[in-house]
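Engineer: The numbering of the sequence shown is the numbering used here, which starts it at 51 and goes up by one.
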Amino acid sequence: MRGPNHARPGHNGIDAQCNRGDFVRAVHRGIVVAVDNWPSSDGIFVRVDEGCGSGQTQQSVYLHLEYASVRVGDRVRVGDVVGGCDSTGHSTGDHLHLTIYDRPGGAVENPETELGKCP
Numbered sequence: 051m052r053g054p055n056h057a058r059p060g061h062n063g064i065d066a067q068c069n070r071g072d073f074v075r076a077v078h079r080g081i082v083v084a085v086d087n088w089p090s091s092d093g094i095f096v097r098v099d100e101g102c103g104s105g106q107t108q109q110s111v112y113l114h115l116e117y118a119s120v121r122v123g124d125r126v127r128v129g130d131v132v133g134g135c136d137s138t139g140h141s142t143g144d145h146l147h148l149t150i151y152d153r154p155g156g157a158v159e160n161p162e163t164e165l166g167k168c169p
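1. Measure the C-alpha to C-alpha separation of A157 and Y151 and round it to an integer number of angstroms.
2. Quick one: is the Cβ of I81 within less than 6 Å of any heavy atom of the ligand GDP?
3. Just reading off the beta strand (DSSP E) that D184 is part of, what are its end residues?
4. Note the first and the last residue of the continuous beta strand (DSSP E) segment covering V128.
5. Determine the contact status of V132 and A76, defining contact as a CB-CB distance below 7 Å.
6. Please tell me whether D144 and S137 are closer than 7 Å, where the distance is taken between their beta carbons.
7. Classify P91 as buried or exposed, calling it buried when 16 or more other Cβ atoms lie within 10 Å of its own Cβ.
8. Return the CA-CA distance between G63 and P89, expressed in angstroms with no decimal places.
9. Applying the 10 Å Cβ sphere with the 16-neighbour rule, what's the burial state of A118?
10. Are H147 and D65 closer than 7 Å when you measure CB to CB?
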């Protein structure tokens, strides 16, 4: 799945326009499993594992953040702030890049169709 603004191979996820410092909120409940900064690619990012029960899991990754407001091990609920919007890493212009994986290290899912499947 590629975002509408940067449809190119290797761009998996969606880009949502936002202004620097706008709150980025969790799209699922879960546990924060990674917070890091990869300056040459993803910038500051947060990865949340959304254990759905019944052996299912998804991971959402929020990229190009100004800051992360959570730490590894934190539990988040839908709507909790996980960071602030920015353009860190390999990025042009403030935006949130959101990717959802069907499992850790698994296939990329379309966030627009996956939202709400894991309450």
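Note that beta-carbon positions come from the ideal geometry of N, C-alpha and C, so glycine has one too.
None of the values given here were measured: they were computed from a predicted structure.
Structural biologist: According to the data block:
1. For this step, residue 157 is matched to residue 107 along the sequence shown. For this step, residue 151 is matched to residue 101 along the sequence shown. Roughly 6 Å separates the two Cα atoms.
2. The ligand GDP is not part of the structure shown, which contains no ligands of any sort.
3. The structure shown has nothing for residue 184, since the chain only spans 51 to 169.
4. Position 78 of the sequence shown, counted from the start, is the residue given in the question as residue 128. Element bounds for V128: n/a, residue is neither H nor E.
5. Here residue 132 refers to the residue found at position 82 when the sequence shown is read from its first residue. Here residue 76 refers to the residue found at position 26 when the sequence shown is read from its first residue. It is a contact, given that the beta carbons lie within the stated cut-off.
6. Your numbering for residue 144 matches position 94 in the sequence shown. Your numbering for residue 137 matches position 87 in the sequence shown. For D144 and S137, yes; Cβs fall inside 7 Å.
7. Sequence index remark: in the sequence shown, residue 91 carries index 41 (1-based). It should be noted that the sequence gives Ser, not Pro, for residue 91. Flag for S91 reads exposed.
8. Sequence index remark: in the sequence shown, residue 63 carries index 13 (1-based). Sequence index remark: in the sequence shown, residue 89 carries index 39 (1-based). Going from the Cα of G63 to the Cα of P89 covers about 19 Å.
9. Here residue 118 is taken as the residue at index 68 of the sequence shown, counted from 1. Buried, because 16 or more other Cβ atoms sit within 10 Å of the Cβ of A118.
10. The residue labelled residue 147 in the question sits at position 97 within the sequence shown. The residue labelled residue 65 in the question sits at position 15 within the sequence shown. Yes, the Cβ-Cβ distance between H147 and D65 is below 7 Å.
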